[in-house]
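Protein chains in written order, with the numbering used here: chain A, 159 to 562; chain B, 3 to 321; chain C, 38 to 331.
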Amino acid sequence: MKRKLLSIAAAAACALGGAAQAQVTDGVIKIGVMNDMSGLYADIAGPGSVVAARMAVEDFQKTSKAGLKVEIVSADHQNKPDIGSNIARTWFDVDKVDAIVDVPTSSVALAINQVVREKNKVFLNSGAATSDLTGKACSPNTVHWTYDTYMLANGTGTAIAKTGGDTWYFLTADYAFGHALERDTEAAVVKAGGRTVGKVRTPFPTQDFSSFLLQAQASKAKIIALANAGGDTVNSIKQAAEFGITKGGQNLAGMLMFINDVHAMGLNTAQGLIFTESFYWDLNDQTRAWSRRFAAAHGGKMPSMVQAGVYSSILHYLRAVEAAKTDTGTKVVDQMKASPTDDPLFGKGSIRADGRKIHPVYLVEVKKPAESKGPWDYHKVRATIPADQAFRPLAESECPLVKK
Amino acid sequence: MTNSSTASVSTESNKSLWVAFAIMTAIFAIAPIWVYPVFLMKVMCFALFACAFNLLLGFGGLLSFGHAMFLGLAGYTSAHAAKVWGWNPELAVIFGTFSSMVLAYVVGSLAIRRQGIYFAMITLALAQMIFFFSLQAPFTGGEDGIQAVPRGQLFGLVDLADNTNMYVFVLAIFLAAFLFIWRVIHSPFGQILKAIREHQDRATSLGYDTDKYKLLAFVISGALAGTAGAVKALVFQLASLTDVHWSMSGEVVLMTLVGGMGTLFGPVAGAAVIVSMQNYLAELGAWVTIVQGVIFVICVLAFRRGIIGEIANLIKKPL
Amino acid sequence: MEIFGIPSQALFGQLLIGLINGSFYALLSLGLAVIFGLLNIINFTHGAQYMLGAFVAYLGLTKFGMNYWLALLVTPLLVGATGVLIERTMLKQLYKLDHLYGLLLTFGLALIIQGLFRNEYGSSGMPYPVPEVFRGGFNLGFMFLPKYRAWVIVASLVVCLATWYVIERTKLGAYLRAATENPSLVQAFGINVPRMITLTYGFGVGLAALAGVMAAPIYQVNPTMGADLIIVVFAVVVIGGMGSIMGAIVTGFGLGLIEGLTKVFYPEASATVIFVIMTIVLLIKPAGLFGTQK
Numbered sequence: 159m160k161r162k163l164l165s166i167a168a169a170a171a172c173a174l175g176g177a178a179q180a181q182v183t184d185g186v187i188k189i190g191v192m193n194d195m196s197g198l199y200a201d202i203a204g205p206g207s208v209v210a211a212r213m214a215v216e217d218f219q220k221t222s223k224a225g226l227k228v229e230i231v232s233a234d235h236q237n238k239p240d241i242g243s244n245i246a247r248t249w250f251d252v253d254k255v256d257a258i259v260d261v262p263t264s265s266v267a268l269a270i271n272q273v274v275r276e277k278n279k280v281f282l283n284s285g286a287a288t289s290d291l292t293g294k295a296c297s298p299n300t301v302h303w304t305y306d307t308y309m310l311a312n313g314t315g316t317a318i319a320k321t322g323g324d325t326w327y328f329l330t331a332d333y334a335f336g337h338a339l340e341r342d343t344e345a346a347v348v349k350a351g352g353r354t355v356g357k358v359r360t361p362f363p364t365q366d367f368s369s370f371l372l373q374a375q376a377s378k379a380k381i382i383a384l385a386n387a388g389g390d391t392v393n394s395i396k397q398a399a400e401f402g403i404t405k406g407g408q409n410l411a412g413m414l415m416f417i418n419d420v421h422a423m424g425l426n427t428a429q430g431l432i433f434t435e436s437f438y439w440d441l442n443d444q445t446r447a448w449s450r451r452f453a454a455a456h457g458g459k460m461p462s463m464v465q466a467g468v469y470s471s472i473l474h475y476l477r478a479v480e481a482a483k484t485d486t487g488t489k490v491v492d493q494m495k496a497s498p499t500d501d502p503l504f505g506k507g508s509i510r511a512d513g514r515k516i517h518p519v520y521l522v523e524v525k526k527p528a529e530s531k532g533p534w535d536y537h538k539v540r541a542t543i544p545a546d547q548a549f550r551p552l553a554e555s556e557c558p559l560v561k562k
Numbered sequence: 003m004t005n006s007s008t009a010s011v012s013t014e015s016n017k018s019l020w021v022a023f024a025i026m027t028a029i030f031a032i033a034p035i036w037v038y039p040v041f042l043m044k045v046m047c048f049a050l051f052a053c054a055f056n057l058l059l060g061f062g063g064l065l066s067f068g069h070a071m072f073l074g075l076a077g078y079t080s081a082h083a084a085k086v087w088g089w090n091p092e093l094a095v096i097f098g099t100f101s102s103m104v105l106a107y108v109v110g111s112l113a114i115r116r117q118g119i120y121f122a123m124i125t126l127a128l129a130q131m132i133f134f135f136s137l138q139a140p141f142t143g144g145e146d147g148i149q150a151v152p153r154g155q156l157f158g159l160v161d162l163a164d165n166t167n168m169y170v171f172v173l174a175i176f177l178a179a180f181l182f183i184w185r186v187i188h189s190p191f192g193q194i195l196k197a198i199r200e201h202q203d204r205a206t207s208l209g210y211d212t213d214k215y216k217l218l219a220f221v222i223s224g225a226l227a228g229t230a231g232a233v234k235a236l237v238f239q240l241a242s243l244t245d246v247h248w249s250m251s252g253e254v255v256l257m258t259l260v261g262g263m264g265t266l267f268g269p270v271a272g273a274a275v276i277v278s279m280q281n282y283l284a285e286l287g288a289w290v291t292i293v294q295g296v297i298f299v300i301c302v303l304a305f306r307r308g309i310i311g312e313i314a315n316l317i318k319k320p321l
Numbered sequence: 038m039e040i041f042g043i044p045s046q047a048l049f050g051q052l053l054i055g056l057i058n059g060s061f062y063a064l065l066s067l068g069l070a071v072i073f074g075l076l077n078i079i080n081f082t083h084g085a086q087y088m089l090g091a092f093v094a095y096l097g098l099t100k101f102g103m104n105y106w107l108a109l110l111v112t113p114l115l116v117g118a119t120g121v122l123i124e125r126t127m128l129k130q131l132y133k134l135d136h137l138y139g140l141l142l143t144f145g146l147a148l149i150i151q152g153l154f155r156n157e158y159g160s161s162g163m164p165y166p167v168p169e170v171f172r173g174g175f176n177l178g179f180m181f182l183p184k185y186r187a188w189v190i191v192a193s194l195v196v197c198l199a200t201w202y203v204i205e206r207t208k209l210g211a212y213l214r215a216a217t218e219n220p221s222l223v224q225a226f227g228i229n230v231p232r233m234i235t236l237t238y239g240f241g242v243g244l245a246a247l248a249g250v251m252a253a254p255i256y257q258v259n260p261t262m263g264a265d266l267i268i269v270v271f272a273v274v275v276i277g278g279m280g281s282i283m284g285a286i287v288t289g290f291g292l293g294l295i296e297g298l299t300k301v302f303y304p305e306a307s308a309t310v311i312f313v314i315m316t317i318v319l320l321i322k323p324a325g326l327f328g329t330q331k
């Protein structure tokens, strides 16, 4: 009954909308790239995401016949939810932005998710990890691209647990992302037959992990899982080496790592680390070509999977706007869900009812210095996890949008 | 802290205050036509925060370096009341104010025993404890804060999700609180407070229990800072760690300093300047901090009267 | 073997880490105590000056190839000189005013310095390598102690005790302490008190910079490294006694140990324990554990 009323109302609104239905509001599609421009996640997203966004608009305009005007704006949320939601509000109310993309840092992503839903715009998240974005907090206005904590846990956690790493100690960054990652990894480890022997919450962000690493060492767990990201991960790994933890026989599992972290640490420190990611620049000819284009515009730095995700999500979004002939939030997202994706970066995939974009995912290992031919040649692919297995199955989803 | 304002209680000099009040009200009433209302609401919340702080510093001579704890705690408690208990906004704000008032009483009782630098250090230390409490406590949501706070229906009738309704609500609270502070300053209580600020021992020798007066000023200041925090949480529908961090305590000092310590309207001007600066310089990122630092330094060295203080000095009337 | 339910290995390990943190607390609070003792100014810029020390060392290394040992010598002098400049141009004018203005000025300066560096370098850390001679560590049985961290403990102890000795036991120190008590009388004796004050501030700042250089290889060199640390250091100084040198040293190391212990038994409280102690001390003995009421 409610559904019928809604569709009648929608039809009436459309009728009233009249000519506006066939074109976008105020003639311009404005896309806002919001991320951490100067802090912990500036390298994996930051200005690079803006470069990727511009490339997506360029490539869209090359093949599009709709003659849409597209603009990109950007802002720094400084990893704070209040700043992020403030920017989002101002963007929507004053600057007539239609979609927000990127947004690493899960606490900010959750806040933006709220605002976008309220204002009926579009949220294409490429940077945040929390699987709650397509779980408890799922929304008909949000698409979660690139990766999430379940994918990471399932990929890395299961792989390591199955190959002998059966006792785990967690170093968890004390915010939404860390908690989600710890929760999902623990579940994957237990399913694969392992167990958790201890966990500790580290303030976010932290410079000195020495006391936490000592506790991990004392626990004698075979695997010390780093449920953190960016600088926190780099610091933990460096300090673990300093304190002889890796020499002492325990292994580190970086649950979320990016090529930029490996670059920052150097292959000497990072070699042998195993983690999961959904994009690597050197995978195939298409990714290579795109990445070289990206690097040329971004100071020679290769793209991270987050930046690749920004490109893909915007491309698919613009195509959906063209097809649906509207920029109203839920309508565009519905269109995005209706059409499968095929882009040079992530291959074939699709967007599910809960807003989760699925695509194949890769288990990679960091090369030894001798195996690398030059800068950014860091990963070797150990395994590929197909799209339908990499992410949380819909049957287990807590999202109210999913019909069970 | 001494200041050079010449506030007296005579009704004649009050005229300048009433004129200034009329101008201020007019500005806030009309500005939303041109300026983004959410921005103006932010200015009003911080103006109230600064006015409350100024009551303690400018008139009481007590520098609290931890006032953010009142802003932030009230933000959390009112957000919790509105979201989890489903209370109406006016009740949520009252609850927020009340929780900060209680905190102010506890903190004040501990801090008042010492003076000057020690007083400031105690407030800073206790504010840090509140910060870490907010970081750990489950109900505050840690780094995420309390999100998706519903604005609710005022008195069960008026939907505050509408920005216009919310604006009127915020404006009303701001003006009411401002008038209350005005009344407090120009009352016998306010006079005694100023006497204590000027020379505490002399006030004691006149028979006043200076500790009681200072504590009362502290509680009022903390409670009103709480009101600002509670309203802010509803405006932005978010309560976060930023509001309990010590840099927020520093910001309110800056607003008061820039606007004019010990003047009635100074904090309002100061808040408007600082919030605007943050807003319009936001794209420049770290430059905001630098500019704030420069303003601090300039104000301390050469501009101690602040904007409103200088104007008041010029027209030789209290503001 | 277990003590209070925690394996002794873990306990000693955490205590040792605590001692390392305590070394930094001690060094920094020493500088603050020296400055407050003589100038009655709370130097809020101290955290930024600590960060400056680390950055000068980092930039010295990357741009001029200045090695760690040279940095230990040069950096405190350079940053101390900036301190002298600040005192001469700005702080001097505030002495006749309420002391809280000094606090506000140094707070503003801290914002400027931190903002400038944050603008230039973002807020992720720059790596600074551990000097060659300190790579590796000692296997103590209950933990593996990196050599560099052992050096930190030893070096800060030496610096702290040397400073204490100079101030409390030498003629120069006696002049300093006398000038704090009664500047005009000391000036009448022909001692250039203003110059002494300026140099003292510079010395305190230099100590902060020294701590920064020593911190560079352990903590990442980043613009916000001093910001949250400074509040803890304030608490240390207040507990120890605002003008007491020995108080700052003892409390600094002591607090490091207490923090380490708290991390073992009740980690959530490890950040707040210092403030709780400070509040208690302020209520019972407001001049601090080692301080004397002025």
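All C-beta atoms in this analysis are idealised placements derived from N, C-alpha and C, irrespective of residue type, glycine included.
Predicted model, so just to flag it, every value in this text is computed and none were measured.
> Is there at least one Cβ from chain A nearer than 8 angstroms to S193/C's Cβ?
Replying inline: no
> Taking just the CA atoms, how far does Y105/C sit from P461/A?
Replying inline: 34 angstroms
>> Under 7 angstroms, CB to CB, which of the residues in the segment 395 to 421 of chain A have a partner in chain C?
In response: E400, F401 and G402
>> By the three-class DSSP mapping on this structure, what secondary structure does W184/B have?
In response: helix
> Do you know how far the Cα of L141/C is from the Cα of Q117/B?
Replying inline: 17 angstroms
> The alpha helix (DSSP H) with R359/A in it runs from where to where?
Replying inline: First-last for R359/A: R353 to T360, but that is the beta strand (DSSP E), not the alpha helix (DSSP H).
> How would you list, in chain order, the residues of chain B whose beta-carbon sits under 9 angstroms from the beta-carbon of R155/C?
Replying inline: G287, A288, T291 and I292
>> Is there a C-beta anywhere in chain A that falls below 8 angstroms from the one on G293/C?
In response: no
>> I need the boundaries of the beta strand (DSSP E) containing L410/A, first residue and last residue.
In response: N409 to G412
> In the DSSP assignment, what are the bridge partners of N193/A?
Replying inline: D234/A
>> Are the CB atoms of I202/A and G242/A within a distance shorter than 8 angstroms?
In response: no
>> Which residues in chain C have a C-beta closer than 8 angstroms to the C-beta of Y120/B? List them in chain order.
In response: V275, L319 and P323
>> So, at 8 angstroms on beta carbons, what are the nonlocal neighbours of N393/A in its own chain, with the 5 sequence-adjacent residues on each side left out?
In response: T364, Q365, D366 and F367
> Whose Cβ in chain A lies nearer than 9 angstroms to the Cβ of L240/B?
Replying inline: P239, D240, S243, N244, A269 and Q272
> Which residues in chain C sit within 7 angstroms of L134/B, going by Cβ to Cβ distance?
Replying inline: This sequence places Phe at residue 134/B; Leu is not what is there. Here the neighbours are A308 and T309.
>> Short of 8 angstroms in beta carbon distance, which residues of its chain neighbour R353/A, apart from the five on each side in sequence? Order them along the chain.
In response: D324, T325, W326 and V347
> Counting pairs of Cβ atoms below 8 angstroms between the segment 260 to 277 of chain B and the segment 129 to 144 of chain B, do you hit three or more?
Replying inline: no
> Is the Cβ of A127/B closer than 8 angstroms to any Cβ of chain C?
Replying inline: yes
>> Below 8 angstroms on the Cβ atoms is my contact criterion, and I expect Q86/C with A272/C to pass it. Report the Cβ-Cβ distance as a whole number of Å.
In response: About 18 angstroms separates the two Cβ atoms, so there is no contact after all.
>> Would you call the segment 218 to 235 of chain A in contact with the segment 496 to 516 of chain A, where contact means no fewer than 3 C-beta pairs closer than 8 angstroms?
In response: no
> What's the C-alpha gap between L431/A and L76/C?
Replying inline: 53 angstroms
> Is any beta-carbon of chain C found at less than 8 angstroms from that of S369/A?
Replying inline: yes
> Cα-Cα, which of G55/C, G249/C and R172/C is closest to V111/C?
Replying inline: G249/C
> Does any residue of chain C bring its CB to less than 8 angstroms from the CB of D390/A?
Replying inline: no
>> Taking the beta carbon of K216/B as the centre, do at least 16 other beta carbons fall within 10 Å, making it buried, or is it exposed?
In response: buried
> Where Q179/A and E312/B are concerned, what is the direct C-alpha to C-alpha distance, given to the nearest angstrom?
Replying inline: Confidence at Q179/A is low in this model, with a pLDDT of 36, below 50, so its placement is unreliable and the value that follows should be read with caution. Their Cα atoms are separated by approximately 56 angstroms.
> Which residues, in chain order, does the segment 194 to 210 of chain A contribute to contact with chain C at a C-beta distance below 7 angstroms?
Replying inline: S196, G197, L198 and A200
> So, do the segment 155 to 173 of chain C and the segment 195 to 209 of chain A have three or more beta carbon pairs nearer to each other than 8 angstroms?
Replying inline: yes
> In three-state terms, what does DSSP make of H537/A?
Replying inline: strand
>> Give me the subset of the segment 350 to 364 of chain A whose CB atoms are less than 7 angstroms from a CB atom of chain B, sorted by chain position.
In response: F362
>> Out of F328/A, S377/A and K405/A, which one is the CA nearest neighbour of A411/A?
In response: F328/A
>> Considering only the alpha carbon of each residue, which of P518/A, L425/A, P502/A and K495/A lies closest to I509/A?
In response: K495/A
>> For I309/B, which residues in the same chain have their Cβ closer than 8 angstroms to its Cβ, ignoring the five residues on either side in sequence?
In response: V260, G261, G262, G268, A271, G272 and V275
> Are the segment 279 to 288 of chain C and the segment 170 to 182 of chain C in contact at 8 angstroms, needing three or more beta carbon pairs?
Replying inline: no
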